[in-house]
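Here our numbering is used: the first residue of the sequence shown is 2, the next is one more, and so on. Backbone N, C-alpha and C define an ideal beta-carbon position, used for all residues, glycine too. Written below as structure tokens is the structure these notes are about.
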Amino acid sequence: MQGPSSLTIQSARLRGEAGLVDLVVRDGIIASIGPAGSASSDEVTINAAGNVVTESFVNTHLHLDKVFTLHDLGDAALADYQSGEMGKAMSAIETAAAVKRSQDVDAMLAAGRRATAMAAYYGNTHVRALADVDSKAGVRGVEVLVALRDEFAGVVDLQVVAFAQDGIIREPGTEDLLRIAMAMGADVVGGIPWIEFTEADMADHVRIVFDIAVEYDAAVSMLLDDAGDPGLRTTEMMATEALNRGWIGRALAHHARAMALYPDPYFERLVALLKAADVAVVSDPHTGPLHARVRELVDAGVNVSLGQDDISDAYYAFGRNNMLEVAFLGAHLLWMMSEPDLSILYDAITVNPAAAIGLDGHALAVGNTANLVVLEGRSLSEALRFHAAPSAVISHGHLIDRDAMQAIADVP
Ligand SMILES: [Zn+2]
């Protein structure tokens with residue numbers, strides 16, 4: 002699946018810089034960046050023609066085991082999840098669970114392959130992908146995502162999350178299944194404490210996820226407070242547990258939508274806690290009417306990224322792993338459209354998510370692995386306006402075969 006690892010990109014516009022540059026990639030590493038015209042033609046030469054070139058996109062939140070399942074489900078769950086202030090988010094999860102009994106591995110692989118090829122085509126080279134682990138799905142989703150991780154190695158780097166979507170305490174047997182999933186090769190332990198019935202069960206859920214993370218020396222990802230209930234406190238629980246376990250910078254908070262309804266004094270205290278535990282927040286404002294307080298978190302110095310979350314499943318009707326589209330939607334939902342705001346949103350789909358999932362050296366800089374996109378557009382606002390697929394994607398140092406990915410992805 003991998004193309005050449007030595008190439009030159011001519012006449013590239015870097016973020017925040019006036020002049021154009023040539024970038025030389027040797028053996029997959031960014032070997033040099035010099036003024037335009039300084040690099041001679043190479044075996045493979047890409048002419049960026051003044052368009053913006055940046056590090057590639059990173060998606061910290063994708064339910065890759067559920068992509069393209071919406072047509073099997075009907076949209077009852079979708080309607081519940083998105084109604085009002087998300088008061089029925091829990092019943093959406095219960096409705097959505099039904100599909101898992103009948104999901105077939107080959108169909109999941111085919112749908113996951115299409116969505117992963119979309120990621121490659123749209124320049125999304127690193128994805129944290131969640132697989133449900135519970136009594137209905139068993140560890141089928143992990144099996145599928147591990148296979149896709151191997152298939153797309155070097156093209157799209159998948160971090161597989163063993164995710165307790167239906168709870169741990171309320172879903173007996175899940176704790177054992179999570180351990181089986183980690184032994185099968187899952188990379189990250191995933192939880193969703195807010196759906197447990199009592200506060201004590203929520204705390205137990207958080208504790209069990211960290212127990213397993215410590216056993217496997219793995220990072221943690223949790224879907225937190227994903228409903229319109231200002232009484233939900235599981236973001237605080239996870240950050241506290243991360244602090245107590247020394248899991249600093251290794252626990253990622255997904256959603257935390259209830260934060261939108263928190264009184265300010267509690268919110269301020271929570272922000273201080275997130276910073277102390279170096280907990281990053283991933284927000285997906287296009288998949289529900291409430292969202293984390295992105296601007297305030299950014300202003301406070303919390304690492305915030307934007308995630309795709311869903312692609313045509315019980316919770317969201319669209320999606321194609323196009324992070325420019327995710328940022329474009331975010332610009333509207335978060336009302337962030339000034340040039341500085343667009344720059345914040347662009348960080349939230351590139352360098353911030355890279356740091357949030359533990360990628361070192363993802364930034365566009367000499368000596369780093371070449372993970373690059375050549376955008377269509379001479380500015381970030383132009384690239385966001387059209388959110389077109391990049392004209393070239395370099396992943397893990399190799400030029401991606403764009404046509405092959407487009408064919409697998411089945412995008413027009
Ligand atoms: Zn999600």
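Any beta strand (DSSP E) of 3 or more consecutive residues that is wholly inside the stretch 335 to 405: 373 to 375, 393 to 396
Neighbourhood of D28 by C-beta distance below 8 Å, restricted to the same chain and skipping five residues each side: S6, S7, G398
8 Å Cβ cutoff met for E56 and T351: yes
Spatial neighbours of G155 in its chain, beta-carbon cut-off 8 Å, leaving aside the 5 residues before and after: M2, Q3, S396, H397, H399
Where the beta strand (DSSP E) through D226 begins and ends: No beta strand (DSSP E) holds D226; DSSP gives it neither H nor E.
Whether V134 touches F164 by CB criterion (8 Å): yes
Where the alpha helix (DSSP H) through S92 begins and ends: 90 to 97
Inter-stretch contact (C-beta, 8 Å, three-pair minimum) for the stretch 231 to 238 and the stretch 328 to 338: no
C-beta atoms of M119 and D66 nearer than 8 Å: no
7 Å CB neighbourhood of M1 in its chain, flanking five on each side removed: The structure shown does not extend to residue 1, since the chain spans only 2 to 413, so no value can be given for it.
DSSP bridge partner residues for A328 (one or two, in chain order): A328 pairs with nothing; no bridge assigned.
Check whether M260 and A293 have beta carbons under 8 Å apart: yes
At least three beta-carbon pairs within less than 8 Å, the stretch 299 to 312 to the stretch 284 to 291: yes
A257 versus R208, F198, M238, I213, residue with shortest Cα-Cα distance: M238
Cβ distance (whole Å) where T46 is taken to contact T70 below 8 Å: T46 to T70, Cβ: 42 Å. No contact.
Residues bridged to F164 [DSSP beta-bridge criterion]: D133, G191
Residues bridged to N60 [DSSP beta-bridge criterion]: V128
Close beta carbons around A138, own chain, < 6 Å, minus the five adjacent residues each side: K101
Closest residue to G320 among Y217, A116, S41 (Cα-Cα distance): A116
Neighbour-count burial assignment, A278, 16 or more Cβ in a 10 Å radius: buried
8 Å Cβ cutoff met for Q166 and I193: yes
Stretch-stretch touch, CB-based, cutoff 8 Å, three pairs: the stretch 145 to 155 with the stretch 79 to 93: no
Cβ-based neighbour list, Y82, same chain, cut-off 6 Å, excluding 5 preceding and 5 following: A90, A93, Y316
Close Cβ partners of S207 (< 6 Å) along its chain, the five nearest in sequence each way excluded: Here the sequence assigns Val to residue 207, which means Ser is not the residue at that position. Result list for V207: P194, M238, M239, E242, in chain order.
Spatial neighbours of L376 in its chain, beta-carbon cut-off 6 Å, leaving aside the 5 residues before and after: N52, V53, A384, P391
Straight-line Cα distance separating L224 from L330: 21 Å
Any non-hydrogen atom of ligand 1 closer than 7 Å to H399 Cβ: no
Extent of the continuous alpha helix (DSSP H) run through A277: 265 to 277
Pairwise C-alpha distance: E95 and L365: 43 Å
According to DSSP, residues forming a beta bridge with L21: R14
Residues sharing a beta bridge with G139, DSSP: D135
D311 CB to nearest heavy atom of ligand 1 below 7 Å: yes
Identity of the residue in I401, D404, A318 nearest A447 by Cα: Because the chain here runs from 2 to 413, residue 447 falls outside it and cannot be looked at.
Presumed contact (8 Å Cβ cut-off) between M324 and N48, rounded CB distance: That belief does not hold up - the Cβ atoms of M324 and N48 are roughly 24 Å apart, past 8 Å.
G368 classed as buried or exposed, judged by whether at least 16 other C-beta atoms fall within 10 angstroms: exposed
F211 burial status per 10 Å Cβ neighbour count (16 or more: buried): buried
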